[in-house]
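Below is one structure, written out as C-alpha coordinates; the observations come after it.
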Amino acid sequence: MTEQSCGELLLEVKNLSFAYKAETPILEDFNFSLTGGEIAGFTGASGCGKTTLFYCLSGIIPKVFKGNYRGKILLKGKPLEELSLARTSAYLGMVFQNPDQQLFSDNVLEDIVFGPENLCVPKTEMEERLAFVCDLLPVEPLLYKKVSSLSGGQKQMAAIASVLAMKPDVLLFDEAFSQLDGEGRTAVANAILRLRDEGCGIMMIDHSEENLKTADRIFRMKKGAFLEQRIY
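Numbering (this note's numbering), first residue to last: 12 to 243.
Set out below in C-alpha coordinates:
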(Lines of atoms letter the chains of each structure in order from A; the text may use other names.)
(Lines give C-alpha, C1' and ligand atoms only; values in the text may rest on other atoms or scores of the structure.)
Protein backbone atom coordinates (compact mmCIF):
# COMPACT_ATOMS: atom_id res chain seq x y z
CA MET A 12 0.00 0.00 0.00
CA THR A 13 2.06 2.88 -1.29
CA GLU A 14 1.31 6.19 -2.89
CA GLN A 15 2.82 4.82 -6.11
CA SER A 16 -0.09 2.37 -6.39
CA CYS A 17 -2.69 5.17 -6.54
CA GLY A 18 -4.45 4.87 -9.88
CA GLU A 19 -3.03 1.38 -10.51
CA LEU A 20 -5.59 -1.13 -11.80
CA LEU A 21 -5.85 -3.64 -8.95
CA LEU A 22 -8.99 -5.64 -9.66
CA GLU A 23 -10.91 -6.46 -12.83
CA VAL A 24 -14.16 -8.41 -13.00
CA LYS A 25 -15.30 -9.52 -16.44
CA ASN A 26 -18.77 -10.97 -17.15
CA LEU A 27 -19.02 -12.60 -13.72
CA SER A 28 -22.03 -14.88 -13.21
CA PHE A 29 -22.71 -17.30 -10.36
CA ALA A 30 -25.54 -19.54 -9.19
CA TYR A 31 -25.61 -21.98 -6.29
CA LYS A 32 -26.22 -25.37 -7.94
CA ALA A 33 -29.25 -25.17 -10.25
CA GLU A 34 -30.72 -22.03 -8.74
CA THR A 35 -31.38 -18.73 -10.52
CA PRO A 36 -28.10 -16.79 -10.87
CA ILE A 37 -27.25 -14.60 -7.90
CA LEU A 38 -24.85 -12.63 -10.11
CA GLU A 39 -25.19 -12.25 -13.84
CA ASP A 40 -22.69 -10.67 -16.26
CA PHE A 41 -21.22 -8.33 -13.66
CA ASN A 42 -18.35 -6.12 -14.83
CA PHE A 43 -16.29 -3.95 -12.52
CA SER A 44 -12.81 -2.53 -12.00
CA LEU A 45 -11.09 -1.06 -8.96
CA THR A 46 -7.99 1.11 -8.89
CA GLY A 47 -5.63 2.02 -6.08
CA GLY A 48 -6.78 5.01 -4.07
CA GLU A 49 -10.47 4.31 -4.65
CA ILE A 50 -13.38 3.25 -2.42
CA ALA A 51 -16.41 1.49 -3.93
CA GLY A 52 -19.54 0.88 -1.85
CA PHE A 53 -22.16 -1.82 -2.41
CA THR A 54 -25.64 -1.74 -0.94
CA GLY A 55 -28.96 -3.49 -1.38
CA ALA A 56 -31.51 -5.59 0.46
CA SER A 57 -30.50 -8.73 2.36
CA GLY A 58 -30.11 -11.75 0.10
CA CYS A 59 -29.47 -9.73 -3.06
CA GLY A 60 -26.02 -11.25 -3.58
CA LYS A 61 -23.59 -8.71 -2.15
CA THR A 62 -21.75 -11.22 0.02
CA THR A 63 -21.78 -13.75 -2.82
CA LEU A 64 -19.95 -11.18 -4.94
CA PHE A 65 -17.30 -10.73 -2.26
CA TYR A 66 -16.87 -14.50 -1.92
CA CYS A 67 -16.19 -14.59 -5.65
CA LEU A 68 -13.69 -11.74 -5.43
CA SER A 69 -11.81 -13.39 -2.56
CA GLY A 70 -11.65 -16.79 -4.28
CA ILE A 71 -13.85 -18.49 -1.66
CA ILE A 72 -16.21 -19.06 -4.59
CA PRO A 73 -15.60 -21.39 -6.42
CA LYS A 74 -12.65 -22.84 -4.45
CA VAL A 75 -14.66 -23.50 -1.25
CA PHE A 76 -18.32 -22.90 -2.13
CA LYS A 77 -19.23 -24.59 -5.38
CA GLY A 78 -21.81 -23.65 -7.98
CA ASN A 79 -22.24 -22.56 -11.58
CA TYR A 80 -19.43 -20.04 -12.02
CA ARG A 81 -18.58 -18.12 -15.18
CA GLY A 82 -16.41 -15.11 -15.92
CA LYS A 83 -12.93 -13.84 -15.19
CA ILE A 84 -11.45 -12.05 -12.18
CA LEU A 85 -7.97 -10.51 -12.39
CA LEU A 86 -6.17 -9.52 -9.20
CA LYS A 87 -3.22 -7.25 -10.01
CA GLY A 88 -3.33 -8.68 -13.50
CA LYS A 89 -3.22 -12.31 -12.35
CA PRO A 90 -6.19 -14.66 -12.95
CA LEU A 91 -7.71 -15.36 -9.54
CA GLU A 92 -8.23 -19.04 -10.31
CA GLU A 93 -4.46 -19.46 -10.67
CA LEU A 94 -3.80 -18.15 -7.15
CA SER A 95 -4.16 -20.26 -4.00
CA LEU A 96 -6.30 -18.83 -1.20
CA ALA A 97 -3.11 -18.30 0.81
CA ARG A 98 -1.47 -16.37 -2.04
CA THR A 99 -4.66 -14.39 -2.67
CA SER A 100 -4.59 -13.21 0.96
CA ALA A 101 -1.24 -11.53 0.33
CA TYR A 102 -2.91 -9.25 -2.21
CA LEU A 103 -6.49 -9.09 -0.95
CA GLY A 104 -7.92 -8.94 2.57
CA MET A 105 -11.53 -9.55 3.53
CA VAL A 106 -13.24 -8.51 6.77
CA PHE A 107 -16.34 -10.58 7.49
CA GLN A 108 -19.48 -9.39 9.25
CA ASN A 109 -18.97 -11.93 12.03
CA PRO A 110 -15.50 -11.51 13.61
CA ASP A 111 -15.66 -15.00 15.13
CA GLN A 112 -15.06 -16.30 11.60
CA GLN A 113 -11.61 -14.67 11.64
CA LEU A 114 -10.39 -14.81 15.22
CA PHE A 115 -9.08 -18.17 16.40
CA SER A 116 -5.98 -17.48 18.53
CA ASP A 117 -5.80 -17.14 22.29
CA ASN A 118 -5.18 -13.39 22.34
CA VAL A 119 -5.44 -10.44 19.97
CA LEU A 120 -1.71 -10.08 19.34
CA GLU A 121 -1.46 -13.69 18.17
CA ASP A 122 -4.34 -13.14 15.76
CA ILE A 123 -2.81 -9.96 14.32
CA VAL A 124 0.59 -11.53 13.63
CA PHE A 125 -0.74 -14.92 12.47
CA GLY A 126 -1.14 -13.98 8.80
CA PRO A 127 2.23 -12.25 8.35
CA GLU A 128 3.97 -15.10 10.20
CA ASN A 129 2.49 -17.58 7.72
CA LEU A 130 3.97 -15.49 4.91
CA CYS A 131 7.37 -15.65 6.68
CA VAL A 132 7.52 -11.88 7.17
CA PRO A 133 10.84 -11.00 8.91
CA LYS A 134 10.66 -10.03 12.60
CA THR A 135 11.64 -6.41 11.97
CA GLU A 136 8.92 -5.97 9.38
CA MET A 137 6.45 -7.76 11.66
CA GLU A 138 7.13 -5.19 14.35
CA GLU A 139 6.64 -2.42 11.80
CA ARG A 140 3.32 -3.88 10.71
CA LEU A 141 2.14 -4.18 14.30
CA ALA A 142 3.04 -0.54 14.93
CA PHE A 143 1.28 0.42 11.69
CA VAL A 144 -1.93 -1.33 12.74
CA CYS A 145 -1.84 0.15 16.24
CA ASP A 146 -1.42 3.59 14.71
CA LEU A 147 -4.40 3.04 12.39
CA LEU A 148 -6.77 1.52 14.94
CA PRO A 149 -7.20 1.68 18.75
CA VAL A 150 -6.16 -1.95 19.30
CA GLU A 151 -3.03 -1.53 21.42
CA PRO A 152 -4.95 -1.86 24.73
CA LEU A 153 -6.42 -5.14 23.43
CA LEU A 154 -3.20 -6.87 22.35
CA TYR A 155 -2.78 -9.14 25.36
CA LYS A 156 -6.46 -9.70 26.07
CA LYS A 157 -8.04 -13.08 25.49
CA VAL A 158 -10.28 -13.03 22.44
CA SER A 159 -12.99 -14.83 24.44
CA SER A 160 -13.13 -11.87 26.88
CA LEU A 161 -13.76 -9.21 24.22
CA SER A 162 -17.03 -7.49 23.40
CA GLY A 163 -18.48 -7.81 19.90
CA GLY A 164 -17.12 -4.40 18.91
CA GLN A 165 -13.64 -5.20 20.26
CA LYS A 166 -13.64 -8.49 18.33
CA GLN A 167 -14.60 -6.62 15.17
CA MET A 168 -11.74 -4.16 15.68
CA ALA A 169 -9.30 -7.02 16.28
CA ALA A 170 -10.49 -8.83 13.14
CA ILE A 171 -9.98 -5.68 11.05
CA ALA A 172 -6.52 -5.23 12.55
CA SER A 173 -5.57 -8.82 11.69
CA VAL A 174 -6.48 -8.21 8.03
CA LEU A 175 -4.70 -4.85 7.86
CA ALA A 176 -1.53 -6.45 9.24
CA MET A 177 -1.30 -8.36 5.95
CA LYS A 178 -1.00 -4.96 4.18
CA PRO A 179 -3.08 -6.11 1.19
CA ASP A 180 -3.50 -3.99 -1.94
CA VAL A 181 -7.26 -4.63 -2.02
CA LEU A 182 -9.58 -4.63 1.01
CA LEU A 183 -13.11 -6.04 1.11
CA PHE A 184 -15.33 -5.04 4.04
CA ASP A 185 -18.55 -7.03 4.49
CA GLU A 186 -20.72 -5.07 6.98
CA ALA A 187 -17.53 -4.18 8.86
CA PHE A 188 -19.32 -1.58 11.03
CA SER A 189 -22.01 -3.99 12.22
CA GLN A 190 -20.78 -4.44 15.80
CA LEU A 191 -18.96 -1.15 16.31
CA ASP A 192 -20.15 1.77 18.43
CA GLY A 193 -19.95 5.38 17.23
CA GLU A 194 -16.35 5.84 18.34
CA GLY A 195 -15.32 2.57 16.71
CA ARG A 196 -17.04 3.46 13.44
CA THR A 197 -15.23 6.78 13.34
CA ALA A 198 -11.88 5.09 13.96
CA VAL A 199 -12.45 2.52 11.19
CA ALA A 200 -13.76 5.15 8.75
CA ASN A 201 -10.65 7.28 9.35
CA ALA A 202 -8.43 4.23 8.84
CA ILE A 203 -10.19 3.45 5.56
CA LEU A 204 -9.63 7.00 4.30
CA ARG A 205 -5.97 6.85 5.25
CA LEU A 206 -5.52 3.51 3.49
CA ARG A 207 -7.19 4.91 0.39
CA ASP A 208 -4.78 7.85 0.42
CA GLU A 209 -1.88 5.39 0.62
CA GLY A 210 -3.04 3.64 -2.55
CA CYS A 211 -5.21 0.80 -1.29
CA GLY A 212 -8.28 -0.19 -3.32
CA ILE A 213 -11.29 -0.66 -1.03
CA MET A 214 -14.70 -2.25 -1.50
CA MET A 215 -17.39 -2.00 1.18
CA ILE A 216 -20.70 -3.83 1.58
CA ASP A 217 -23.20 -2.22 3.92
CA HIS A 218 -26.98 -2.14 4.14
CA SER A 219 -26.69 1.38 5.62
CA GLU A 220 -25.63 4.13 3.23
CA GLU A 221 -24.60 6.15 6.27
CA ASN A 222 -21.63 3.78 6.57
CA LEU A 223 -20.70 4.29 2.91
CA LYS A 224 -20.09 8.02 3.03
CA THR A 225 -16.39 7.51 2.42
CA ALA A 226 -17.12 5.79 -0.92
CA ASP A 227 -16.22 7.38 -4.26
CA ARG A 228 -18.77 5.17 -6.03
CA ILE A 229 -21.83 3.32 -4.79
CA PHE A 230 -23.46 0.34 -6.48
CA ARG A 231 -27.07 -0.47 -5.61
CA MET A 232 -27.85 -4.13 -6.12
CA LYS A 233 -31.18 -5.73 -6.97
CA LYS A 234 -31.69 -9.29 -8.22
CA GLY A 235 -28.04 -9.71 -9.19
CA ALA A 236 -27.82 -6.46 -11.15
CA PHE A 237 -25.86 -3.39 -10.07
CA LEU A 238 -26.74 0.20 -10.75
CA GLU A 239 -23.76 2.50 -10.25
CA GLN A 240 -24.43 5.90 -8.73
CA ARG A 241 -22.02 8.58 -7.62
CA ILE A 242 -23.58 9.91 -4.45
CA TYR A 243 -20.84 11.52 -2.35
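Every residue, glycine too, gets a C-beta built ideally from N, C-alpha and C. Please read all numbers here as calculations on a predicted model, not as lab measurements.
The DSSP-derived three-state label of Phe230 is strand. Note: Ser44 is bridge-paired with Glu23 in the DSSP secondary-structure output. Per the Cβ contact rule, the region 103 to 123 is in contact with the region 61 to 71 (3 or more Cβ pairs under 8 Å).
A straight line joining the alpha-carbon of Ser57 with that of Ser100 spans about 26 Å. In this structure Lys166 is buried. Its beta-carbon is surrounded by 16 or more other beta-carbon atoms within 10 angstroms. Relative to the Cα of Cys17, the nearest Cα in the group Leu94, Ile213, Gly164 belongs to Ile213. In the three-state reduction of the DSSP assignment, Met137 falls in the helix class, which pools H, G and I.
Under the three-state reduction of DSSP, Ala30 is assigned to strand. Per the DSSP secondary-structure output, Met105 pairs in a beta bridge with Leu183.
Annotated three-state conformation of Pro149 is coil, per DSSP. Under the DSSP assignment, Glu121 falls in the alpha helix (DSSP H) whose first and last residues are 119 to 129. The C-beta distance from Leu86 to Leu22 rounds to 6 Å, short enough to fall under 8 Å.
Spanning the alpha carbons of Ser28 and Gly88 requires a straight line of approximately 20 Å. Counting only the Cα atoms, Glu138 lies some 32 Å from Leu223. Check the Cα spacing between Leu114 and each of Ala169, Ile84, Ala33, Lys134: the tightest is with Ala169. Contact between Ala202 and Leu148 holds: their C-beta atoms lie close to 6 Å from each other, under 8 Å. The criterion of a C-beta distance shorter than 7 Å is satisfied by Ile84 and Val24. For Met168, the enclosing alpha helix (DSSP H) begins and ends at 163 to 175. With contact defined as three or more Cβ pairs closer than 8 Å, the region 226 to 233 and the region 34 to 51 are in contact.
In the DSSP assignment, Glu49 is bridged to Gly212. Each residue's CA atom was taken as its position, placing Gly126 and Pro179 some 11 Å apart. Annotation for Ile72: the continuous alpha helix (DSSP H) segment containing it runs 71 to 74.
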